[in-house]
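To start, the structure under review is shown below, and the notes come after it.
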Amino acid sequence: MIVTSSMHTAIATIFDGSELYTCALPLWCQQATHLAALMGNSTVVVVTRNASADCPTAQMRWGSAASRAMRAAMMYLRRHEVLGGWRKLGWAVLLKISVMALTDFDLILFADLDVDVRPGSFSIAEWRSSTRSFLQSRAEFVGTSDHESPVNTGLWLAKPSTSAFHEGLALLRTTWTAARGVL
Numbered sequence: 043m044i045v046t047s048s049m050h051t052a053i054a055t056i057f058d059g060s061e062l063y064t065c066a067l068p069l070w071c072q073q074a075t076h077l078a079a080l081m082g083n084s085t086v087v088v089v090t091r092n093a094s095a096d097c098p099t100a101q102m103r104w105g106s107a108a109s110r111a112m113r114a115a116m117m118y119l120r121r122h123e124v125l126g127g128w129r130k131l132g133w134a135v136l137l138k139i140s141v142m143a144l145t146d147f148d149l150i151l152f153a154d155l156d157v158d159v160r161p162g163s164f165s166i167a168e169w170r171s172s173t174r175s176f177l178q179s180r181a182e183f184v185g186t187s188d189h190e191s192p193v194n195t196g197l198w199l200a201k202p203s204t205s206a207f208h209e210g211l212a213l214l215r216t217t218w219t220a221a222r223g224v225l
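Quick note: the sequence shown uses the numbering used here, first residue 43, plus one each step.
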C-alpha cells in the first residue's frame, strides 16, 4: 500500500445501546472528535443500531456488515457457554469483527467506550510515523495483550479488509472447544 497524506482513518467503537455504556458515550465521542481533529483526515465512527444525540459529530453506522456480524455472533453464543464478564457483554464484543468491513477507510483505530482516547500520550508526528510503517508492512492488525487474552480487543489498529471480515464471520460460524480448537 502506498501511504499518502490523504490516508483516511476511522476512530471507531461499538455501542450496543446498553445502559452499561450510555454514560461513557458522550466522553468517548468528545475525546475521539478532538483526536480526529488533531490527526487530520479522520472520522469518528460508532457502529450502533441506536443513533445517539450524545455523539453528534460521529457517523452512526449500522449496515449489512454489522447485521451479518450480529446474527453470526448471536448464533455463536447459542452454541457456546460463555462465562465470566464476557457473558454480560455477549454479542457486542463479537460485533467488533464488523469494523473490519469499514473499507472506505485506509486505517481503523478501534477503542472501546471505556478506553481513554484523549490525545496527549503521543505526538501526532509519532502517530504518523508509526501508522506509515504499519500501512507499509504486511501486517493487517496490531494490538496489545491483556491479562485475559493474547489480544486486548478494547484497543487496536487494523487495515480494514473485506476478506478479514468474511474470515471473522466464518470463525463465528464454527464451533470451538478447548480440547480441539476450531471444529
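From the three backbone atoms N, C-alpha and C, an ideal C-beta is built for every residue, glycine too.
Mind reading off the beta-carbon distance from residue i to residue j? Whole number of angstroms is fine, and I expect it under 8 Å.
| i | j | result |
| --- | --- | --- |
| residue 84 | residue 53 | 6 Å |
| residue 151 | residue 63 | Not quite, the Cβ-Cβ distance comes to about 18 Å (not below 8 Å), so this is no contact. |
| residue 169 | residue 81 | 7 Å |
| residue 173 | residue 149 | 6 Å |
If you check the beta carbons only, do residue i and residue j fall under 7 Å apart?
| i | j | result |
| --- | --- | --- |
| residue 114 | residue 211 | yes |
| residue 157 | residue 214 | no |
| residue 86 | residue 103 | no |
| residue 69 | residue 161 | no |
| residue 140 | residue 111 | yes |
| residue 134 | residue 58 | yes |
| residue 79 | residue 159 | no |
| residue 143 | residue 207 | yes |
In the structure shown, what three-state DSSP assignment does residue i receive?
| i | result |
| --- | --- |
| residue 155 | coil |
| residue 198 | strand |
| residue 64 | helix |
| residue 141 | helix |
Quick check on residue i: buried or exposed, where buried means 16 or more other Cβ atoms within 10 Å of its Cβ?
| i | result |
| --- | --- |
| residue 204 | exposed |
| residue 146 | exposed |
| residue 60 | exposed |
| residue 166 | exposed |
| residue 202 | buried |
| residue 46 | Low confidence applies here, because residue 46 scores a pLDDT of 48, under 50, leaving its location unreliable and the question unanswered by this model. |
| residue 65 | exposed |
| residue 67 | buried |
| residue 181 | exposed |
| residue 48 | exposed |
| residue 224 | exposed |
| residue 95 | exposed |
Can you tell me where the alpha helix (DSSP H) with residue i in it begins and where it stops?
| i | result |
| --- | --- |
| residue 203 | From DSSP, residue 203 is part of no alpha helix (DSSP H); its letter is neither H nor E. |
| residue 135 | 133-136 |
| residue 222 | Segment: none, residue 222 is in no alpha helix (DSSP H) and carries neither H nor E. |
| residue 110 | 106-121 |
Grab the span of the beta strand (DSSP E) containing residue i for me, first residue to last.
| i | result |
| --- | --- |
| residue 86 | 84-89 |
| residue 176 | Premise fails: residue 176 lies in the alpha helix (DSSP H), 166-178, not in any beta strand (DSSP E). |
| residue 51 | 51-56 |
| residue 184 | 183-185 |
| residue 103 | 101-103 |
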